[in-house]
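Enquirer: Take a look at this one; I'll ask things after.
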Amino acid sequence: MNIILLGPPGGGKGTQAQFLIEHHGMRQISTGDLLRAAAKKKSPLGLEVEKYMKAGKLVPDDVINNVMKEALEEGNDGRGLILDGYPRTVQQAKTLDQMVKLMNVSVDHVINFNLSDKEVIRRLSGRRQCRECKVGYHIQFAPPKKEGICDRCGSELFQRSDDKIEVIQERLRVYHEKNDKLVDYYRSSGKLREISGEGSTGDIYKKVEGILGLSQ
Ligand code: AMP
1 MNIILLGPPG GGKGTQAQFL IEHHGMRQIS TGDLLRAAAK KKSPLGLEVE KYMKAGKLVP
61 DDVINNVMKE ALEEGNDGRG LILDGYPRTV QQAKTLDQMV KLMNVSVDHV INFNLSDKEV
121 IRRLSGRRQC RECKVGYHIQ FAPPKKEGIC DRCGSELFQR SDDKIEVIQE RLRVYHEKND
181 KLVDYYRSSG KLREISGEGS TGDIYKKVEG ILGLSQ
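Heads up, the sequence shown is in my numbering, so the first residue is 1 and it goes up one at a time.
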């Protein structure tokens with residue numbers, strides 16, 4: 001089973017993907033993670049996309065479509081794919097349809113997480129990460145014992161440059177501009193399910209499993 005998770009940045013797509021990986025052995029393809037890894041390595045792709053990411057803009061469709069094509073070819077091992085952060089435009093969705101058709105696989109479910117802008121800003125602006133061991137914190141919901149310091153390894157915590165408030169606002173603007181049309185596209189395919197992204201991650205996960213027919 002292959003699925004797409006849609007929703008705003010900070011909407012919980014990555015968290016739900018982690019649960020599906022742990023409990024059902026699925027495999028996640030997160031375009032945001034792939035691009036961040038490329039930017040960190042300073043690969044040609046990384047250098048090309050960094051400016052878009054830092055500004056909260058979408059990278060061009062042709063660039064991201066190639067990234068997804070490679071990831072799909074590598075990741076199509078029958079374990080069930082979770083696409084997180086792709087597609088983000090109708091053009092990407094149409095390209096994805098062509099790619100999966102050529103690979104003889106299907107997209108079985110599309111889940112859209114709905115979340116208010118206020119909640120997105122609260123979640124993203126409070127996120128912090130350890131520079132060394134990468135553990136995630138939130139200054140309000142999961143603060144470290146000592147401000148700015150990782151509980152686990154004692155290294156410095158940092159804020160992702162695209163989690164700064166002005167960049168979050170731009171990411172939200174871009175999200176609203178594109179997502180409605182994308183949701184309409186999948187609604188017309190009959191695969192779309194919408195759920196609230198607010199509330200406990202465990203409760204949301206139960207709904208996700210229910211939609212996917214994975215509940216015990
Ligand atoms: P994310 O972690 O999914 O919020 O992605 C971080 C950044 O990577 C986004 O703000 C975009 O700059 C870029 N990005 C990730 N996925 C896509 C995509 N499907 N289309 C265009 N840009 C993307």
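All residues carry an ideal CB built from backbone N, CA and C; glycine is no exception.
Please state the DSSP three-state secondary structure of Ile139.
Expert: Walking along the sequence shown from the start, residue 139 turns up at place 139. Collapsing the DSSP output to three states places Ile139 in coil.
Enquirer: With hydrogens ignored, establish whether the beta-carbon of Val107 is closer than 7 Å to any heavy atom of the ligand FMN.
Expert: As far as ligands go, the structure on display features the ligand AMP and does not contain the ligand FMN.
Enquirer: In this structure, what does DSSP give as the bridge partners for Arg171?
Expert: In the sequence shown, counting from the first residue as 1, residue 171 sits at position 171. According to DSSP, which records beta bridges pairwise, Arg171 is partnered with nothing at all.
Enquirer: What residue range does the alpha helix (DSSP H) around Gln98 cover?
Expert: Against the sequence shown, residue 98 aligns to sequence position 98. Here the alpha helix (DSSP H) through Gln98 covers Val90 to Met103.
Enquirer: Excluding the five sequence neighbours on either side, which residues of its own chain have a C-beta within less than 8 Å of the C-beta of Glu170, listed in chain order?
Expert: Along the sequence shown, read from residue 1 onward, the residue named residue 170 stands at position 170. Counting only Cβ-Cβ distances below 8 Å, and skipping sequence neighbours, we find Ala55, Gly56 and Lys57.
Enquirer: Can you tell me where the beta strand (DSSP E) holding Ile149 begins and where it ends?
Expert: Position 149 of the sequence shown holds residue 149. Taken as a continuous stretch (DSSP letters only), Ile149 belongs to no beta strand (DSSP E), as it is neither H nor E.
Enquirer: Could you tell me which of Lys40, Lys41 and Leu34 sits nearest to Val63, measuring between CA atoms?
Expert: Counting from 1 along the sequence shown, the entry for residue 63 is found at position 63. The residue with the shortest Cα to Cα distance from Val63 is Leu34.
Enquirer: Rank Gln28, Tyr205 and Val110 by C-alpha distance to the C-alpha of Arg79 and give the top, closest one.
Expert: Translated into positions along the sequence shown, residue 79 becomes position 79. Considering only alpha carbons, the answer is Gln28.
Enquirer: Under the three-state reduction of DSSP, which class applies to Glu194: helix, strand or coil?
Expert: Within the sequence shown, numbered from 1, the residue matching residue 194 stands at position 194. It is a strand residue.
Enquirer: Report the residue from Glu73, Asn2 and Ile82 whose alpha carbon sits nearest the alpha carbon of Lys13.
Expert: In the sequence shown, the residue the question calls residue 13 occupies position 13. Measuring from the Cα of Lys13, the nearest candidate turns out to be Ile82.
Enquirer: Taking 5 Å as the limit, tell me which residues put their C-beta closer than that to any heavy atom of the ligand AMP, in chain order.
Expert: Pro9, Thr31, Gly32, Leu35, Tyr52, Met53, Leu58, Val59, Ile64, Gly85, Tyr86 and Arg88
Enquirer: For Asn112, list the residues DSSP reports as bridge partners.
Expert: Here residue 112 is taken as the residue at index 112 of the sequence shown, counted from 1. Per DSSP, the beta-bridge partners of Asn112 are Leu6 and Glu194.
Enquirer: Taking Cβ positions, are His109 and Gly126 nearer each other than 8 Å?
Expert: Looking up residue 109 in the sequence shown gives position 109. Looking up residue 126 in the sequence shown gives position 126. Result no, Cβ atoms of His109 and Gly126 do not sit closer than 8 Å.
Enquirer: Which stretch, first to last residue, makes up the alpha helix (DSSP H) that contains Ser161?
Expert: By 1-based counting over the sequence shown, the position of residue 161 is 161. Where Ser161 is concerned, there is no enclosing alpha helix (DSSP H), given that its DSSP letter is neither H nor E.
Enquirer: With a 10 Å radius around its C-beta and 16 neighbouring C-beta atoms as the bar for buried, classify Ala93 as buried or exposed.
Expert: Counting from 1 along the sequence shown, the entry for residue 93 is found at position 93. For Ala93, the number of other beta carbons within 10 angstroms of its own is at least 16, and it is reported as buried.
Enquirer: If you scan the segment 2 to 88 from start to end, which runs of the alpha helix (DSSP H) of 4 or more residues do you find wholly inside it?
Expert: 13 to 24, 31 to 41, 44 to 55 and 61 to 75
Enquirer: Quick one: Cα of Ser196 to Cα of Ile204, how far?
Expert: Numbered from its first residue, the sequence shown carries residue 196 at position 196. Numbered from its first residue, the sequence shown carries residue 204 at position 204. Computed Cα separation, rounded: 8 Å.
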